[in-house]
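Here's the structure we're looking at; comments come further down.
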Amino acid sequence: MNIQEIRRQFPILDQEVNGQPLVYLDSAATSQKPLSVIRALDEYYKGYNSNVHRGVHTLGTRATDGYEGAREKVRKFINAASSEEVIFMRGTTTAINTVAQSYGADNVKEGDEIVITHMEHHSNIIPWQQLAKRTGATLKYVPLQEDGTLSLDDVRETITANTKIVSIMMVSNVLGTMNPIKEITQIAHEHGAVMMVDGAQAAPHMKVDVQDLDCDFFAFSGHKMAGPTGIGVLYGKKKHLNAMEPVEFGGEMIDFVGLQDSTWKELPWKFEGGTPIIAGAIGLGAAIDFLNEIGLDEIEKYEHHLAAYAMEKMSEIDGLTIYGPKDPGQRAGLVTFNLDDVHPHDLATVLDADGIAIRAGHHCAQPLMKWLDVSSTARASFYLYNTEEDIDRLVNGLVKTKEYFSDVF
1 MNIQEIRRQF PILDQEVNGQ PLVYLDSAAT SQKPLSVIRA LDEYYKGYNS NVHRGVHTLG
61 TRATDGYEGA REKVRKFINA ASSEEVIFMR GTTTAINTVA QSYGADNVKE GDEIVITHME
121 HHSNIIPWQQ LAKRTGATLK YVPLQEDGTL SLDDVRETIT ANTKIVSIMM VSNVLGTMNP
181 IKEITQIAHE HGAVMMVDGA QAAPHMKVDV QDLDCDFFAF SGHKMAGPTG IGVLYGKKKH
241 LNAMEPVEFG GEMIDFVGLQ DSTWKELPWK FEGGTPIIAG AIGLGAAIDF LNEIGLDEIE
301 KYEHHLAAYA MEKMSEIDGL TIYGPKDPGQ RAGLVTFNLD DVHPHDLATV LDADGIAIRA
361 GHHCAQPLMK WLDVSSTARA SFYLYNTEED IDRLVNGLVK TKEYFSDVF
């Protein structure tokens, strides 16, 4: 990977923030966008902006080709068996809610179980809490190991014959833990449960093969993988999607509308009510082209290197606690940490004064914060455009912050 050439593709990185060159270490929240994605959006709006599917004029045909072409790019990107299994949605949150509200409503009843973990993002907790409340099902949690990983023995103990849905993130947005999704899926299926995977922190950083994982549903967001905001994907096995009812009703998703009843289009369009996210899908397709040109294997390898480098350098700072697996080979490209006697928000504010952007707070993972026995943490997350020099700037900023607060207090 030619990192400097890659960085030149991201114009936002070429700026100063508070008088210092920008160091962007918040890609787990949202990634920056390359020129090819920005151009794809610009070309759509300037050259062939139109609604899709129903128009017979030239612009409508070009827009439809761009939109459906993006769906095929997604299919290949995650190795889905059919483009009918690729549903465009606003993002991971909408995708998980759709599964909970449609599949969950029809297949979960009182006495059944839903299984998740303590490390989940709120978007993979609250939909299942609400489903459990509506149906009388029990929401269960697979316990975490001391280092924030999952034990397959614990998974086997938690999933039972009463479990109907297992929903677990592939990569933790806080701990960086990479979960054994393929093995967990096998255990879920052995007990007759379906497997929902939150892939928001996985799809941007590593190859995903949904057929190899054998998961029933997989969700991810475009904005975390160099694509636009407001676009995401729900993958579902065709047999499930065909049996599920839509959760949004209106134009685009109908076949026939009568006075008292209506019928729906075939997959994938029955889940895409209203004018779809046309520009977002086209931008996501351009982002996939960009990532494929570099290679997901190369990106994953490079991010593991950055994580290992960051953990080595940050571990040398007295009073700094790093959360999650200690082995960089077992974690994705992010480091979540706290610095003794410095609130994460104060830490992030001081670093921002030096042009360094990190994330501070509970990271939409309050149950995990409780498990860690902290109210909040700081997080530095890396992507293909980051460098060792970025991490050196972070480490120097952390040392300066520690010295500043030591002098003040």
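Just so we're aligned, residue 1 is where the sequence shown starts under full-length UniProt numbering, counting upward by one.
Idealized CB from N, CA, C, for every residue including glycine.
Looking at C-alpha atoms only, which residue of E312, V171, A219, I254 is the closest neighbour of S264?
The displayed chain sequence assigns Trp, not Ser, to residue 264. Comparing Cα positions, the closest option is I254.
For the candidate residues G236, Y404, T336, whose alpha-carbon lies nearest to that of T377?
Checked all of G236, Y404, T336; the closest Cα to T377 is T336.
Identify which residue in L320, Q9, C364, S381 has its Cα closest to the Cα of T401.
Of the candidates L320, Q9, C364, S381, the one whose C-alpha sits nearest the C-alpha of T401 is L320.
Please tell me whether K326 and V395 are closer than 9 Å, where the distance is taken between their beta carbons.
It is not a contact, given that the beta carbons lie outside the stated cut-off.
So what does M195 bridge to, in DSSP terms?
DSSP output for M195 lists V166 as bridge partner(s).
For the beta strand (DSSP E) containing K140, name the first residue and the last one.
Counting along the chain, the beta strand (DSSP E) containing K140 begins and ends at 138 to 142.
Can you find at least 3 beta carbon pairs, one from the region 291 to 310 and one from the region 90 to 100, that sit closer than 8 Å?
Short answer: they don't touch.
Count the other CB atoms within 10 Å of the CB of F256; is the residue buried (16 or more) or exposed (fewer)?
Exposed, because fewer than 16 other Cβ atoms sit within 10 Å of the Cβ of F256.
When you compare each of D153, N173, Y45, L144 to H121 by their alpha carbons, which one comes out closest?
Here the closest residue by C-alpha is N173.
Considering only residues of the same chain and omitting the five flanking positions on each side of P21, which have a CB-CB separation below 7 Å?
Same-chain partners within the cutoff: G355.
Closest to D112 by C-alpha separation, out of A193, L35, D261, would be which residue?
Of the listed residues, the one whose Cα sits closest to D112 is A193.
Can you tell me which residues form a DSSP beta bridge with W264?
Paired residues: I254.
For the pair the region 73 to 82 and the region 171 to 185, tell me if three or more CB-CB distances fall below 8 Å.
No, the region 73 to 82 does not touch the region 171 to 185.
Using 10 angstroms around the beta-carbon of D26, count the other beta-carbons present and answer buried if the total reaches 16, otherwise exposed.
Burial call: buried.
Mind reading off the beta-carbon distance from K115 to T163? Whole number of angstroms is fine, and I expect it under 8 Å.
Before going on, a small fix: residue 115 reads as Val here, not Lys. Yes, V115 and T163 are in contact; Cβ-Cβ is about 5 Å, under 8 Å.
Considering only the beta carbon of each residue, do H362 and S375 sit closer than 9 Å?
Yes, the Cβ-Cβ distance between H362 and S375 is below 9 Å.
Near L13, which residues of its chain fall below 7 Å by C-beta distance, leaving aside the five closest residues on each side in sequence?
Hits under 7 Å: R7, L22, Y24, Q32, Y385.
I need the boundaries of the alpha helix (DSSP H) containing M311, first residue and last residue.
Where M311 is concerned, the enclosing alpha helix (DSSP H) stretches over 296 to 314.
Which residue from M169, V56, A200, H191 puts its Cα closest to that of T30?
Closest option to T30, Cα to Cα, is A200.
Can you give, in chain order, each stretch of the alpha helix (DSSP H) that sits fully within the region 32 to 105 and has at least 4 residues?
You should have 35 to 43, 58 to 78, 92 to 98.
Looking at the secondary structure, which residues open and close the beta strand (DSSP E) in which A185 lies?
Position check: residue 185 holds Thr in this sequence, whereas Ala was assumed. Unbroken run through T185 is the alpha helix (DSSP H), 181 to 190; no beta strand (DSSP E).
Buried or exposed for residue 410, going by 16 or more other Cβ atoms inside 10 Å?
The question about residue 410 has no answer here: the residues shown for the chain are numbered 1 through 409.
Can you tell me whether F9 is buried or exposed, with buried defined as 16 or more other CB within 10 angstroms of its CB?
What sits at residue 9 in the sequence shown is Gln, not Phe. Classification for Q9: buried.
How should R331 be labelled, buried or exposed, when 16 other C-beta atoms within 10 angstroms of its C-beta is the threshold for buried?
Looking at its Cβ environment, which holds 16 or more other Cβ atoms inside 10 Å, R331 is buried.
Per DSSP, which residues does D26 bridge with? Please list them.
Answer is S381, bridged to D26.
Can a CB atom of chain C be found closer than 9 Å to the CB of H305?
The structure shown contains no chain C; it holds only a single protein chain.
With distances taken from CA atoms, which of V342, I3, I125 is nearest P367?
Comparing Cα positions, the closest option is I125.
Quick one: is R54 buried, meaning 16 or more other Cβ sit within 10 Å of its Cβ, or exposed?
Label assigned to R54: exposed.
So E157 is in the alpha helix (DSSP H); what residue range does that whole segment cover?
From DSSP, the alpha helix (DSSP H) with E157 extends over 152 to 158.
Since I believe V37 is in contact with P204 (beta carbons under 8 Å), could you give me their beta-carbon distance rounded to a whole number of angstroms?
The Cβ separation is near 13 Å, so there is no contact.
DSSP state of V342, grouped into three classes?
Residue state, collapsed to three classes: strand.
Candidates L234, A137, P328, I288: which alpha carbon is nearest H304's?
Cα-wise, what sits closest to H304 is P328.
Could you check how far apart the C-beta atoms of A28 and R359 are, in whole angstroms? I think they sit under 8 Å.
Right, their Cβ atoms sit about 7 Å apart.
Kindly confirm or deny that the region 278 to 294 and the region 217 to 234 touch, where touching means at least three C-beta pairs closer than 8 Å.
The region 278 to 294 is in contact with the region 217 to 234.
Can you list, in chain order, the residues of its chain with a C-beta nearer than 6 Å to that of A279? Leave out the 5 residues immediately preceding and following it.
Correct list, in chain order: L41, Y44.
For E72 and S83, what's the separation of their Cα atoms in angstroms?
Taking the straight line from one Cα to the other gives about 6 Å.
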